[in-house]
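K.L.:
Here it is, the structure, as structure tokens.
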Amino acid sequence: MDSRLPDRSAETLTYGASTAGISLVLMAVAGLMMSGGIAAIAYLLGGVEGMVLGGGLALTLAAAIVIRRLALLDQPRKAIDFLDPELVRMLCGINRRAMLVTGLSGDPVSLNSAFERLTGSGAAGLHDLIAGEAAHRSLGTLVRNVRQTGEGSGTFPLASDPAQEITLRGRRTAHYMIWEVSVDSYEARLDQERERLAGFAAPLFDRIQAGIVLEDKTGRLIATNQTVRDWLGLASDDPLPASLPLDHEGRHLKIGRRRDMAVRTVSHELTTREKDRHIGRYRFLISAESLRQRPGREDGAILIDPMLDTAPVSVAVADRAGKVRETNATMKGASIGRGLKDGDSILNIVHEEDRTELKRHLELAAASEIYDRPIDVRFNVQPERVGQIYFSSVATEKEQLAILYFLDTTQEKSLERQFVQAQKMQAVGQLAGGVAHDFNNLLTAILGFCDLLLVRHDAGDQSFSDIMQIKQNANRAANLVRQLLAFSRQQTLRPKVLLITDILAEVSNLIRRLIGENIELKVVHGRDLMPVKVDQGQLEQVIINLAVNARDAMPEGGRLEIRTSSISADDPFVQKYDIVEPGDYVLIEFEDTGCGIPKEVIGKIFEPFFTTKEVGQGTGLGLATVYGIVKQTGGYVFVESEVGVGTTFYLLLKGYAQAGEEVAKAQVGEDEGPARDLTGKGVILIVEDEDPVRMFASRALANKGYTILEANSGEAGLEVIESHDGPIDLLISDVVMPNMDGPTLVKTVRETMPHLPVIFVSGYAEDVFRQNLEAEDFHFLPKPFSLKDLAEKVKSILG
């Protein structure tokens with residue numbers, strides 16, 4: 014605790030300790046110098062023996078004097094005391110806080126008038142101040158602590174009122190202890206504030222035309238000025254209500270049964286000095302009517318406050334017709350206010366469609382009608398920006414004017430549109446994923462039975478060509494379904510760590526053949542590109558789709574440039590798009606010199622089945638597939654276009670730092686080829702709710718020599734396992750089934766057969782359900798699959 018005495022008083026109280034220390038040092042130095050001098054004289058008179066004898070006696074004498082001085086330091090001194098009692102009483106008396114000065118034993122030396130007022134005239138010392146035997150023991154401990162450590166504090170019951178507590182804070186200064194006493198009660202402080210509000214400050218508070226309210230920490234009214242009493246219709250001697258009748262937002266004061274007054278409220282909290290506790294607050298209320306009637310300049314113009322002039326919000330003052338009277342500096346420098354001069358119409362800065370609404374609100378504001386809700390407008394600038402306008406009003410001697418506050422919300426609206434678009438794309442993706450799943454079941458059966466027919470009908474058979482036509486069209490339908498799954502981000506990906514440079518090198522020849530000779534292809538590879546973890550086939554599909562899209566935009570020829578580069582988290586491109594998570598990315602740019610995309614269309618290009626081509630020229634899934642694959646990979650895709658100039662697509666793929674080990678694993682996996690002999694032996698349980706798929710899988714595997722058990726649901730699968738005598742070597746199960754699904758079935762079966770191998774077959778992506786089977790080991794076969802795909806997967810497991 015720092016002393017609240019004046020600086021000179023504190024210096025006086027600490028002077029003795031400093032002087033004593035300095036005197037000891039000087040005394041020791043003087044003793045050493047004296048001993049040296051005596052030894053030198055003794056050496057001249059008596060030689061070495063005289064020097065030793067004389068110097069030793071001198072040092073002994075000096076040491077004895079210093080030791081004696083040290084022994085006297087801790088004893089009270091009356092003759093040479095450095096503080097005069099009158100000076101102590103004077104220093105204590107000028108402090109406005111309750112203070113008591115005692116000796117080291119706790120006996121009082123001096124107290125001030127604030128201490129007498131606080132404790133009463135009967136309290137002469139610390140022990141007279143508190144009540145209770147236990148409190149006196151605690152006080153003795155506190156006195157010892159202050160004497161030994163230099164400072165301390167404690168809380169004790171007051172002798173005159175044991176229900177009230179006081180706080181003692183003590184600090185030792187040389188041979189004295191200074192005690193500061195404070196009462197832990199806020200009633201006295203509130204009484205002082207009440208007296209101030211109703212006493213000498215009342216004339217000032219009643220003339221400022223603002224309501225002033227004093228409340229305690231619970232919100233109970235303690236006092237108000239006369240302005241508040243006039244608002245509430247109370248006489249000077251009428252009792253105050255329990256609380257101020259304000260709404261919860263503090264904007265309306267209830268001044269009658271059915272009448273509210275608009276106010277603006279400012280609060281000032283009251284806290285204690287000792288513990289910084291909240292004990293109450295002042296409230297200052299200003300009526301909105303008085304704000305509207307603030308006088309203007311003598312010439313009738315509005316003087317914008319300097320704070321508003323430098324505020325980051327554009328502000329303008331206009332009359333009822335929209336004629337500008339004044340603008341702040343921010344408005345003059347903003348794009349919406351450039352060229353706007355006093356006397357111009359404020360209506361000209363917004364689009365023509367928004368001027369009617371703006372004019373209506375100008376008239377309302379000029380009529381002293383204040384609305385908290387802003388209006389949305391489009392500003393008449395290029396590029397187009399949107400914003401909101403808030404209104405308030407001010408009165409001059411001649412007329413009522415409107416104050417307009419302009420907020421630019423272009424970025425917020427852009428993010429809102431992106432969010433709505435993302436929600437719409439997600440909903441369409443879920444629908445597309447569900448449709449694709451059902452189609453995959455149908456296509457699995459069609460392709461599977463085609464394979465069974467081709468086993469019996471070779472190339473020379475009359476039916477061979479018909480069967481092949483069915484299979485080829487089914488494969489086309491499967492590709493279409495695969496695109497739907499790619500858009501909905503539910504296709505099965507096989508990601509590997511790859512270099513974008515290698516992928517572009519492989520597909521560049523194919524791209525040249527696709528775009529034709531009248532389009533120039535230029536590929537610019539960046540340096541030190543990070544590897545990326547992607548599905549190579551899907552990424553190649555993205556590149557080809559974007560190249561074909563660029564070709565269709567340049568029917569008369571042009572140039573397609575593909576560029577790659579590495580960008581970091583602080584790159585301006587990452588900061589340009591708010592939705593991009595900070596990190597390291599590989600950027601692939603596809604820039605063409607085609608016809609460009611109109612602004613009204615560019616927001617729809619990633620939607621499925623949307624196309625600007627003629628009927629029969631496209632499916633509308635090319636860019637939707639690009640969007641889905643990139644999003645499922647964890648990347649981003651953006652587009653910028655200008656009609657007549659060209660279009661640029663930006664692909665952001667996350668860089669992969671730990672590439673070496675995973676590349677090696679991927680290459681080992683690629684070297685392993687499927688077994689040529691697809692026959693085998695073993696008992697296989699097939700659980701599939703789609704009868705055609707289950708029938709095809711059963712016949713295909715039975716033809717390869719396996720023993721097949723069938724079930725059309727998860728519950729039926731459990732019954733088959735319980736009733737079967739003998740081991741089961743493999744479980745093939747669909748993922749999505751009524752009641753008990755595939756993952757639940759596998760978890761139940763592995764409670765009794767923990768090492769049973771499992772193959773999941775599904776039209777959904779593996780990632781959709783893998784999170785529910787993190788601890789389980791299983792294989793996955795995506796639908797639609799052929800007879801060969803099924804046989805190879807089973808052979809690779811059972812051998």
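Note that the sequence shown ends on residue 812 in the numbering used here; no numbers are left out. Ideal Cβ positions, reconstructed from N, Cα and C, are used throughout, including at glycine.
(1) Does the separation of the CB atoms of residue 697 and residue 734 fall below 7 Å?
(2) Is residue 373 helix, strand or coil by DSSP?
(3) Straight-line CA distance for residue 42 to residue 185?
(4) From the DSSP output, read off the bridge partner residues of residue 265.
(5) Take the Cβ of residue 432 as the centre, count every other Cβ of all protein chains shown within 10 Å, and call the residue buried at 16 or more, exposed below.
(6) Three-state secondary structure (DSSP) at residue 345?
(7) With a 10 Å radius around its C-beta and 16 neighbouring C-beta atoms as the bar for buried, classify residue 236 as buried or exposed.
(8) Using the Cα positions of residue 651 and residue 556, report the straight-line distance between them to the nearest angstrom.
(9) Roughly how far, in whole angstroms, is the beta-carbon of residue 454 from the beta-carbon of residue 796, given that I think they are within contact range, below 8 Å?
(10) How far does the beta strand (DSSP E) with residue 653 in it extend, from its first residue to its last?
(11) If you follow the alpha helix (DSSP H) that residue 640 is part of, which residue opens it and which one closes it?
(12) Within the chosen definition, does the segment 594-610 reach the segment 520-528 through at least 3 CB pairs nearer than 8 Å?
(13) Report buried or exposed for residue 535, applying the criterion of at least 16 other Cβ atoms within 10 angstroms of its Cβ.
(14) Taking C-alpha atoms, which residue in 614, 51, 74 lies nearest to residue 65?
(15) I want to know whether the segment 243-263 touches the segment 174-193 - three or more CB-CB distances under 8 Å.
(16) Does residue 747 come out as helix, strand or coil in the three-state DSSP assignment?
(17) Rounding to the nearest angstrom, what Cα-Cα distance links residue 138 and residue 120 in this structure?
(18) Would you call the segment 702-719 in contact with the segment 451-466, where contact means no fewer than 3 C-beta pairs closer than 8 Å?
(19) In the structure shown, what three-state DSSP assignment does residue 336 receive?
(20) Starting from the C-beta of residue 679, find all residues in its chain whose C-beta is less than 8 Å away, skip the five residues before and the five after it, and write them out in chain order.
(21) Is the distance from the Cβ of residue 275 to the Cβ of residue 265 below 7 Å?
(22) Roughly how far, in whole angstroms, is the beta-carbon of residue 128 from the beta-carbon of residue 152, given that I think they are within contact range, below 8 Å?
(23) Using 8 Å as the cut-off, can you tell me whether the segment 510-521 makes contact with the segment 542-561, which would need three or more C-beta pairs spanning the two stretches below that distance?
(24) Using CA coordinates, which residue listed in 267, 206, 46 is at the minimum distance from residue 238?
(25) Helix, strand or coil for residue 570 per DSSP?
(26) Identify every residue that forms a DSSP beta bridge with residue 470.
(27) Give a yes or no on whether the C-beta atoms belonging to residue 727 and residue 758 are separated by under 7 Å.
(28) Taking all protein chains shown into account, do 16 or more other C-beta atoms lie within 10 angstroms of the C-beta of residue 638, making it buried, or fewer, making it exposed?
(29) Look at residue 339 and residue 330 and say whether their C-beta atoms are less than 7 Å apart.
(30) Straight-line CA distance for residue 91 to residue 72?
(31) Is it a yes or a no for the segment 802-811 touching the segment 475-493, going by three-plus beta-carbon pairs under 8 Å?
(32) For residue 522, count the other beta carbons within 10 Å of its own beta carbon; 16 or more makes it buried, fewer makes it exposed. Which is it?
(33) Applying the 10 Å Cβ sphere with the 16-neighbour rule, what's the burial state of residue 684?
(34) Give the list of continuous beta strand (DSSP E) stretches no shorter than 3 residues that lie fully inside the segment 152-209.
(35) Pull up the distance between the alpha-carbon of residue 544 and that of residue 699, whole angstroms please.
(36) If you check the beta carbons only, do residue 542 and residue 587 fall under 7 Å apart?
P.N.:
Well, looking at it:
(1) On the sequence shown, position 684 is the one that residue 697 refers to. On the sequence shown, position 721 is the one that residue 734 refers to. No, the Cβ-Cβ distance between residue 697 and residue 734 is not below 7 Å.
(2) Along the sequence shown, one-based indexing puts residue 373 at 360. Of the three classes helix, strand and coil, the one that applies to residue 373 here is helix, per DSSP.
(3) Indexing the sequence shown from 1 puts residue 42 at position 29. Indexing the sequence shown from 1 puts residue 185 at position 172. Using only the alpha carbons, I get a separation of about 30 Å.
(4) Working through the sequence shown from its first residue, we reach residue 265 at position 252. According to DSSP, residue pairing for residue 265 in a beta bridge involves 275.
(5) For the purposes of this step, residue 432 is taken as residue 419 along the sequence shown, with counting starting at 1. Classification of residue 432: exposed, given that the 10 Å Cβ count is below 16.
(6) For this step, residue 345 is matched to residue 332 along the sequence shown. Assigned with DSSP and collapsed to three states, residue 345 falls in helix.
(7) Counting from 1 along the sequence shown, the entry for residue 236 is found at position 223. The residue in question, residue 236, is buried, as its Cβ has 16 or more Cβ neighbours within 10 Å.
(8) As a position in the sequence shown, residue 651 is number 638, starting the count at 1. As a position in the sequence shown, residue 556 is number 543, starting the count at 1. Using only the alpha carbons, I get a separation of about 14 Å.
(9) In the sequence shown, counting from the first residue as 1, residue 454 sits at position 441. In the sequence shown, counting from the first residue as 1, residue 796 sits at position 783. In this structure residue 454 is in contact with residue 796, their Cβ atoms being roughly 7 Å apart against a cut-off of 8 Å.
(10) Reading the sequence shown from its first residue, position 640 is the one you call residue 653. Here the beta strand (DSSP E) through residue 653 covers 649-655.
(11) Position 627 of the sequence shown holds residue 640. Element bounds for residue 640: 635-645.
(12) In short, these stretches do not touch, since the Cβ pair count stays below three.
(13) Your numbering for residue 535 matches position 522 in the sequence shown. Here residue 535 is exposed: its Cβ has fewer than 16 other Cβ atoms, across all protein chains shown, within 10 Å.
(14) The residue given as residue 65 occupies position 52 in the sequence shown. Nearest C-alpha to residue 65: 51.
(15) At 8 Å Cβ cutoff, the stretches do not touch.
(16) If you number the sequence shown from 1, residue 747 lands on position 734. Of the three classes helix, strand and coil, the one that applies to residue 747 here is strand, per DSSP.
(17) Locating residue 138 in the sequence shown gives position 125, where the first residue counts as 1. Locating residue 120 in the sequence shown gives position 107, where the first residue counts as 1. C-alpha separation (whole angstroms): 7 Å.
(18) Yes: at least three Cβ pairs fall under 8 Å.
(19) The sequence position of residue 336 within the sequence shown is 323, counting from 1. When DSSP states are grouped into helix, strand and coil, residue 336 belongs to the strand group.
(20) As a first step, residue 679 must be located in the sequence shown, where it is residue number 666. The pLDDT assigned to residue 679 is 36, lower than 50, so where the model puts this residue is not dependable, and the model offers no usable value.
(21) Counted from its first residue, the sequence shown places residue 275 at position 262. Counted from its first residue, the sequence shown places residue 265 at position 252. It is a contact, given that the beta carbons lie within the stated cut-off.
(22) If you number the sequence shown from 1, residue 128 lands on position 115. If you number the sequence shown from 1, residue 152 lands on position 139. 16 Å between Cβ atoms; not a contact.
(23) The segment 510-521 makes contact with the segment 542-561, as at least three CB pairs between them are under 8 Å.
(24) The residue given as residue 238 occupies position 225 in the sequence shown. Selected option, being the one with the closest Cα: 206.
(25) Here the question's residue 570 lines up with position 557 in the sequence shown. Coil.
(26) Here residue 470 refers to the residue found at position 457 of the sequence shown. None; residue 470 has no bridge partner.
(27) By 1-based counting over the sequence shown, the position of residue 727 is 714. By 1-based counting over the sequence shown, the position of residue 758 is 745. Yes, the pair counts as a contact, with Cβ atoms nearer than the cut-off.
(28) In the sequence shown, counting from the first residue as 1, residue 638 sits at position 625. When all chains shown are included, residue 638 counts as buried.
(29) Here residue 339 refers to the residue found at position 326 when the sequence shown is read from its first residue. Here residue 330 refers to the residue found at position 317 when the sequence shown is read from its first residue. With a cutoff of 7 Å on beta-carbon distance, residue 339 and residue 330 are scored as near each other.
(30) Locating residue 91 in the sequence shown gives position 78, where the first residue counts as 1. Locating residue 72 in the sequence shown gives position 59, where the first residue counts as 1. Legend: pLDDT at residue 91 = 42, less than 50; position of this residue unreliable, no value from coordinates given.
(31) Not touching, per the Cβ criterion.
(32) For the purposes of this step, residue 522 is identified with residue 509 of the sequence shown, where counting begins at 1. Here residue 522 is exposed. Its C-beta has fewer than 16 other C-beta atoms within 10 Å.
(33) As a first step, residue 684 must be located in the sequence shown, where it is residue number 671. Because residue 684 carries a pLDDT of 42, less than 50, the predicted location of this residue cannot be relied on, and the following value inherits that uncertainty. With fewer than 16 other Cβ atoms inside 10 Å of its own Cβ, residue 684 counts as exposed.
(34) Within the segment 152-209, the beta strand (DSSP E) runs of at least 3 residues that lie entirely inside it are, in chain order, 164-170, 178-186, 189-196.
(35) In the sequence shown, residue 544 corresponds to position 531, counting from 1. In the sequence shown, residue 699 corresponds to position 686, counting from 1. About 40 Å.
(36) Here residue 542 refers to the residue found at position 529 when the sequence shown is read from its first residue. Here residue 587 refers to the residue found at position 574 when the sequence shown is read from its first residue. If you check the CB distance, residue 542 and residue 587 do not come in under 7 Å.
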